[in-house]
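Student: Here it is, the structure in full.
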Amino acid sequence: MALDGAFLKHIGREIEENALGSKVDKVYQPNRDELVLFLRARTGNRKLLLSARANSARINFTEEVPENPKEPPMLCMLLRKRLGGARLTAVRQPQLERLLCFDFAAVNDLGDEVTLTLVAEIMGRYSNVILVDEAGKIVDALRRVDASMSSERLVLPGVPYHMPPPQDKLCLLTADCREITERVCAQPGGTSLAKAILSSVQGLSPVVCREIQHQTAHGADLRIADMTPERKERLTFFLNRLAQTVKNADGSPYMAVGPDQKPVDFSFLSMEQYGTAAVVSRKSSFSELLNDFYGERDRIERMHVRSQGLLHLLTTASERLSRKINAQQADLERCAQKDELRVCGDLLSANLFRLEKGTDSVELPNFYDEGQLPVVIKMNPALTPSQNAQKYYKEYRKAKTAEEILAVQIRGARQELAYLDTVFDELSRASCERDLSEIREELTEQGYIRARKGAKKQNRPHGFLEFRSTDGFRILVGRNNRENDELTLKQAKKNDLWFHTKNIPGSHVVLVLEGRKATPQAIGEAAALAACYSRGRDSSNVAVDYTEVRRVSKPQGSKPGMVIYVGNKTVFAVPDSATAERLRVSG
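My numbering applies: residue 12 is where the sequence shown begins, and numbers increase by one.
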């Protein structure tokens, strides 16, 4: 994790410079892992994000605020009561520990001014945000830790707050750099220099340790056994320069981006270690850096947490349908032997004069076979030969009827499974709480979710995604099955072009012609959007069907979003989120 103690010192300095003296205007808790403080000051208002999420724990200013639950959690209400109107008086960091302490001047229930401290511990899966009162006791925390979870450190209301146990490492702020060099070089000879620095120096992340090794060894791999006196001097020099940068918190925010345009790492140092394997760029602030690095990951994680209930519902329904189809398919295969039952009945009827009651089987020549090979027919000894024949005819009629019913049921179950597949795709593309709410409403209408008593139906305006092709055509994209129906069957004109991925769940896309003739450019971009807003969005080449809207129809009684079409052509498109973003009409 790149967000180390040294990086936190730079974040603390940035918050000090921009928010010291600000008052807490609002407190929000979007989810169990995050808090957002709205800080109000004469110089402007800012939103401070405190995240204890395991894979993206951080502290930084943010512009985008996650959607909040309808009812605030208990901790959120407690913080609103205790910190509402409080003034930020200090931002502290003990040495280079991975935590920041925010001191607030607040007023208690008696009207006395007290100092409350909000401690943000950034330690991976052990991250936490803890409110501590003026007596040093814990008021509450994002994550409570009891004796069953930890025998060393309790995080519970009323318990004195203690910092995380210190590590046996030297601190750049207090230790002499030559002492640090000696500690590093005392590591086993086979240890790489970067790992030796990491295990010896407090508050440094692997990327910083690798950068020091890169500078010391001129870019080569270096182990402790290879440390010559000259290399020790170089290590001491670069450690000393690093210590000055950390003490003064005068580093700059740098982010490394890989060839796939995805962030690789970040630091307060320029990262020369990546060479041509990544592009290192400088950001305007440390908060902007963290937002860019973690923003998309956090959005996906938030949606994943909020969509778990729907995902479980869809998975359960799909598994149930799959089991039902498999069982019905097995029954259908057994029904395929119905003609043998009819033949047995015919053979028994034709040979009644030769048969007697009480036999359990009989061998008769099969006159349906050219060679009239004998067939062994099982019989019920308690029934007469005529009754046995009627029994076979009855089983034949039953199997024939079952075959017809099963074929219809299997077809319906497969259509329902295909529908659930489209909802899975909707869920994977949901980007906000509104998207999830509309999916819930759709599933409620279809009977998968029980409607709450007294719940009013939400009549939201349809929010089609709108794009503009390079040559000026409007392109509309439905975000879910209900919007797909509305767009294709009600909003689109008959001469407009309709697009959908071939045999893959996805959104309906309409190229609005408005009396013009579609250009190859517009058709290609509309097809690319259809591919982008489908399950095939991670593929390199996706088949997309398109036809006139007049040739698209909805079978009676079919599920939302399910249509049939004729007269289509097929093009191949490359899903490209960057192109989709470029063509997107804001609003």
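Heads up, the beta-carbon is just placed ideally off N, CA and C, and yes, glycines get one too.
It should be emphasised that the depicted structure is a prediction, and the values quoted were computed from it without experimental measurement.
#1: Is E163 buried or exposed, if buried means 16 or more other CB atoms sit within 10 Å of its CB?
#2: Have a look at P385 and Y379 and give me their C-alpha separation to the nearest angstrom.
#3: Under 8 angstroms, do L89 and D151 count as touching if we go by C-beta distance?
#4: Taking 8 angstroms as the limit between beta carbons, can you name the residues of its chain near V76, skipping five residues before and five after?
#5: Ignore the nearest five residues each way along the sequence and tell me which others in G369's own chain have a CB closer than 6 angstroms to its CB.
#6: Leaving out the 5 sequence neighbours to the left and right, which residues in its chain are closer than 6 angstroms to E82 when beta-carbon positions are compared?
#7: Hey, how far is the Cα of M12 from the Cα of D276?
#8: Taking just the CA atoms, how far does S551 sit from V585?
#9: Can you name, in chain order, every residue of its own chain whose Cβ lies under 6 angstroms from the Cβ of A205, other than the five neighbours on each side?
#10: For my contact list, G489 and F475 are in at a C-beta cut-off of 8 angstroms; report their separation, rounded to the angstrom.
#11: Grouping DSSP H, G and I as helix and E and B as strand, with all else coil, what is Q106?
#12: Near T512, what residues of its chain come up, given a Cβ to Cβ distance below 8 angstroms and the 5 sequence neighbours on each side ignored?
#13: Please identify the residue among A97, R331, Q426 whose C-alpha is closest to the C-alpha of G122.
#14: Within the segment 332–383, note down every full alpha helix (DSSP H) run reaching 4 residues or more, in order along the chain.
#15: Within the same chain, show all residues whose beta-carbon is closer than 7 angstroms to that of G572, passing over the 5 residues directly before and after it, in chain order.
#16: Over the uninterrupted beta strand (DSSP E) stretch that includes V140, give me the two end residues.
#17: Under a three-way DSSP split, which group does N552 fall into?
#18: When DSSP labels each residue in this structure, what does F484 get in the three-state scheme?
#19: Do G32 and A52 have their C-beta atoms within less than 8 angstroms of each other?
#20: Taking a contact to mean a Cβ-Cβ separation below 8 angstroms, would you say V290 touches F478 in this structure?
#21: Identify the continuous beta strand (DSSP E) that holds R252 and give its terminal residues.
#22: Quick test of the definition: if touching needs 3 or more C-beta pairs under 8 angstroms, does the segment 574–593 touch the segment 523–539?
#23: From the DSSP output, which residues share a beta bridge with T558?
#24: For my contact list, L184 and Q255 are in at a C-beta cut-off of 8 angstroms; report their separation, rounded to the angstrom.
#25: Can you tell me where the beta strand (DSSP E) holding R595 begins and where it ends?
#26: Whether or not the segment 341–350 and the segment 393–402 are in contact is what I'm after, with contact meaning three or more pairs of Cβ atoms, one per stretch, closer than 8 angstroms; do they touch?
#27: For N251, I'd like the list of residues in its chain whose CB is within less than 8 angstroms of its CB, leaving aside the five on either flank, ordered along the chain.
#28: For the segment 381–432, which segments carrying the alpha helix (DSSP H) assignment without a break, of at least 4 residues, lie completely within its bounds, in sequence order?
#29: Pick from R408, E437, E367: whose alpha carbon is nearest that of S397?
#30: Taking only three categories from DSSP, how would you classify V76?
#31: Expressed to the nearest angstrom, what Euclidean distance is found between the alpha-carbon atoms of T326 and M134?
#32: Would you mind working out which of F484, A539, L498 sits nearest R527, comparing C-alpha positions?
#33: Taking all protein chains shown into account, decide if L363 is buried (16 or more other Cβ within 10 angstroms of its Cβ) or exposed.
#34: For the putative contact between Y669 and G356, defined by C-beta atoms under 8 angstroms, what is the C-beta separation to the nearest angstrom?
#35: Whose CA, out of R461, D303, T128, lies closest to the CA of A146?
Tutor: Short version:
#1: exposed
#2: 11 angstroms
#3: yes
#4: Y39, P41, V47, K58
#5: P392
#6: none
#7: Any answer about M12 is weak, because its pLDDT of 49 lies below 50 and its placement is not dependable; what the coordinates show is given next. Their backbone Cα atoms lie some 9 angstroms apart in a straight line.
#8: 6 angstroms
#9: C220, R221, Q224
#10: 6 angstroms
#11: coil
#12: A541, A542, S545, R546, G547, V553, A554, V555, D556
#13: A97
#14: 349–361
#15: T433, N492, N495, D496
#16: 139–143
#17: coil
#18: coil
#19: yes
#20: no
#21: Here R252 belongs to no beta strand (DSSP E); instead the alpha helix (DSSP H) covers 240–259.
#22: yes
#23: W509
#24: So it is not a contact: roughly 10 angstroms between Cβ atoms.
#25: R595 -> no beta strand (DSSP E), and no H or E assigned at all.
#26: no
#27: C188
#28: none
#29: E367
#30: coil
#31: 34 angstroms
#32: F484
#33: exposed
#34: Outside the displayed range of the chain (12 to 598) lies residue 669, so it cannot be described from this structure.
#35: T128
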